[in-house]
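Below: the structure, in structure tokens.
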Amino acid sequence: MITVTTITELRSLVIEERINRRTVGLVPTMGAFHEGHLSLMRQAREQTDFVIVSLFVNPTQFGEGEDFEAYPRDEERDQALAEETGVNVVFAPAVEEIYPPEFSTYVEVEGSITSRLEGALRPNHFKGVTTVVAKLFDIVGPDMAYFGQKDLQQAYIVKRMAGDLNMPVEVILCPTAREADGLAMSSRNVYLSPEERKAATVLFRSLSNAEHLVQEGERHAHVIKEAVREVVAAEPLADLQYAEVCDTINLDNLDEIETEAAVLLAVKIGKTRLIDNMIVRRP
Ligand code: AMP
């Protein structure tokens, strides 16, 4: 496995693979790898010949007062894990490589898909995500790009961007990797104190309860939302930011579930903001 830091180096490596007619898979990440990241890399390894993992803490997707400076970074450990997982190249550019001083072009997906949920609480977050992902798609030209269901709204937005802009890449949604007690793996889980870590299971518990209700025949979104709110409210360390039942295309609110829905929530546990979601299907 090699690590490159410049766009020029990365492009010349990809050109060589293309000449040999090898398919290229891209896994965009911000590092601090956990099993969630590794599962994306494994899927890329299985489905493509040449796997590139980008490791870049993208400043444009962090808002003011968010944790850009404090975001966990451990490049050496990440490189070792990527190598063990069979990754071919880690692309770890400096901020100036991606955003030179005169940078002024952004890619933005419009509409409720970006303005609701995370978009409502983190203005400009998705504009930063789509800009950096568009740049990565352009730099690498991958056949397939892998995103986690953990960040469902992000994955849907990236898919929309790629479709709208005719980007020749298949955006693949990979399942959420969870701890044994259900907590979705996240680089931000390291911020949790032992007590908060226990409380953090409330996200998965509330989603599992929602799934159970749907499987028992409940189809009214307001009943499901209320049930999620009740489970979260019973956890003293948890502060619910939103809980919504949405369609699985635009993430617009649903009144009734016909076939399937995405249940999404954001919860603050102490100072740490966690998100999770589940796709629920009617029996
Ligand atoms: P991040 O480094 O947090 O930007 O995440 C990089 C990619 O890994 C994104 O596509 C995330 O959705 C995905 N990811 C993060 N956590 C998980 C998880 N627990 N399971 C599956 N994918 C994940």
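In our numbering, the protein residues as written are 2 to 284. The beta carbon of each residue, even a glycine, is placed where N, CA and C say it ideally should be. Keep in mind the model is a prediction, meaning the values are calculated, not measured.
For the 8 Å CB-CB criterion, V110 and R46 do not form a contact.
Contact annotation: L265 and E245 have beta-carbon atoms nearer than 8 Å. With 16 or more other Cβ atoms inside 10 Å of its own Cβ, H126 counts as buried. Between M42 and V25, the CB-CB gap reaches or exceeds 8 Å.
If you check the C-beta of D165 against the ligand AMP, you find no heavy atom less than 7 Å away.
Non-local beta-carbon contacts of R123 in its own chain, meaning distances under 8 Å to residues more than five positions away in sequence, involve G64 and E67 in chain order.
Within the region 102-189, the complete alpha helix (DSSP H) runs of at least 4 residues fall at 113-116, 119-122, 126-141 and 153-165. In this structure, F57 sits near M31, with a CB-CB distance shorter than 8 Å.
The ligand AMP has a heavy atom closer than 7 Å to the beta-carbon of L41. Looking at the DSSP output, M279 bridges to V264.
Here DSSP, grouped into helix, strand and coil, assigns R198 to helix.
For R179, the CB contacts under 8 Å within the same chain, skipping 5 residues up- and downstream, are A185, M186 and F205 in chain order. DSSP, reduced to helix, strand and coil, places R230 within a helical segment of the structure shown.
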